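Trainee: Every number in the working numbering is 24 more than the matching position in the sequence shown, counting from 1. For glycine and all other residues, C-beta sits at the position ideal for the given N, C-alpha and C. As the structure is a prediction and not an experimental result, all values here were calculated from the model.
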Amino acid sequence: MTEFLDNYKPLKPLIFDSHSHYDDSKFDGVRDELLSSLPQHGVGRVITCGCDLKSSKAAISLAQKYDYIYCAVGIHPENLESKTTVEEIEKLAAHKKVAAIGEIGLDYYYCRENRSEQLYFFEQQIILAKKLELPVIVHDREAHSDTLEILKKHKPRGVVHCFSGSAQMAEEILKIGMYIGVGGVITFKNSKKLPEVVKMLPPDRMLIETDCPYLAPEPYRGKLCHSGMIALTAEKIAEIRGCTAEEVLKQTYLDAQKLFCL
Ligand code: NI
């Protein structure tokens, strides 16, 4: 894990990782060492996301412990059996380091049987975010048309993270005023639709992210991912867009600051 950090020359400008899960058990044993060292390796801001009551509380604890970490609280569509309520999320959202409601959304890859429950929680949490004037962090896996329909209906501020839709869907998301989150998948050889999306996005509507501990960019695919690896994702985005990795990091930092009001 530290092999990448050891060889890593900090980049200027800094990295803003707009989506991570540092409460994940895959970080057990290395979490504090890693999180203490990331700022010395070019990481300026991180949003760590909750997925249910327990992980949302854990996300808040991490944000309390580390100045540069902020968090999102929410119920992920894969975690509906945890029976967390929207009211419990609302209480947690009062914490000053909560910057968003997330991650929330629809996942028809993981589970198709509870669609109506997924739709209900997604919609209720968007309504909560709007009431609290917070942005949303949206998960959409194989649920593009329902996700788009709900987002069009409520028009929240926010980001569709780890975007996996078409360029046409990206245009619809941009029309709503939302951001598109791009992570390590862009470096994968089988990434086909995403390069097209990255090419067409206006520079001020893209966020960069890890979704760590998962989705480490090449050449670290399959390994434990962390926010420092965003440098590799930025290089790939720069290659596609015909600019420099520094420009990508600078612009995505500004955009994330704007969206999350940090
Ligand atoms: Ni995630």
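For G182, which option in A167, G189, L38 and I161 has the closest C-alpha, if you only look at C-alpha atoms?
Mentor: Checked all of A167, G189, L38 and I161; the closest Cα to G182 is I161.
Trainee: Could you tell me the alpha carbon to alpha carbon distance between M25 and C249, rounded to whole angstroms?
Mentor: Confidence at M25 is low in this model, with a pLDDT of 48, below 50, so its placement is unreliable and the value that follows should be read with caution. Those two C-alpha atoms are separated by around 8 Å.
Trainee: Mind checking which residues open and close the alpha helix (DSSP H) that includes T276?
Mentor: Unbroken alpha helix (DSSP H) run through T276: A269 to F284.
Trainee: Express the C-alpha separation of C285 and L143 in angstroms, rounding to a whole number.
Mentor: Between L143 and C285, the C-alpha separation is close to 27 Å.
Trainee: Secondary structure at V54, three-state DSSP: helix, strand or coil?
Mentor: If DSSP states are grouped into helix, strand and coil, V54 belongs with coil.
Trainee: Since R165 sits in a beta bridge, which residues does DSSP pair it with?
Mentor: Paired residue(s): D131.
Trainee: For the stretch 65-146, list the alpha helix (DSSP H) runs that are entirely contained and at least 4 residues long, ordered along the chain.
Mentor: Runs of the alpha helix (DSSP H) inside the stretch 65-146: 77-89 and 110-116.
Trainee: Could you check what DSSP says for M230 in three-state terms: helix, strand or coil?
Mentor: Correct three-state label for M230: strand.
Trainee: As a quick exercise: from A82, E166, D228 and D170, pick the residue whose alpha carbon is nearest that of D48.
Mentor: Here the closest residue by C-alpha is A82.
Trainee: Is D235 near the ligand NI - that is, is its Cβ less than 7 Å away from at least one heavy atom of it?
Mentor: Checking every heavy atom of the ligand NI against the Cβ of D235, one is found closer than 7 Å.
Trainee: Quick one, are the C-beta atoms of V54 and S251 less than 8 Å apart?
Mentor: Contact: no.
Trainee: Within the present structure, is the beta-carbon of C73 separated from the nearest heavy atom of the ligand NI by less than 7 Å?
Mentor: Checking the Cβ of C73 against the ligand NI gives yes.
Trainee: On the DSSP letters alone, give me the boundaries of the alpha helix (DSSP H) that V221 sits inside.
Mentor: Element bounds for V221: K217 to M224.
Trainee: Rounding to the nearest angstrom, what Cα-Cα distance links S215 and P243 in this structure?
Mentor: One C-alpha to the other measures close to 14 Å.
Trainee: State whether the stretch 145-159 contacts the stretch 105-119, with contact taken as three or more CB pairs (one from each stretch) at a distance under 8 Å.
Mentor: Cβ pair count under 8 Å is three or more, so yes.
Trainee: Measuring from the CB of H163, is there a heavy atom of the ligand NI at a distance below 7 Å?
Mentor: Checking every heavy atom of the ligand NI against the Cβ of H163, one is found closer than 7 Å.
Trainee: Determine the DSSP secondary structure at S188, reduced to helix, strand or coil.
Mentor: Note: S188 maps to coil in three-state DSSP.
Trainee: Buried or exposed for E195, please, with buried defined as at least 16 other CB atoms from any protein chain shown within 10 angstroms of its CB.
Mentor: The residue in question, E195, is exposed, as its Cβ has fewer than 16 Cβ neighbours within 10 Å.
Trainee: What's the C-alpha gap between K199 and D56?
Mentor: Straight-line Cα distance between these residues: approximately 40 Å.
Trainee: Three or more beta-carbon pairs under 8 Å between the stretch 87-96 and the stretch 132-150, yes or no?
Mentor: The stretch 87-96 is not in contact with the stretch 132-150.
Trainee: Closer than 7 Å to a non-hydrogen atom of the ligand NI - does that hold for the CB of H250?
Mentor: No, the Cβ of H250 stays beyond 7 Å of every heavy atom of the ligand NI.
Trainee: Does the distance from the CB of V221 to the CB of A269 come in under 8 Å?
Mentor: No. Outside cutoff.
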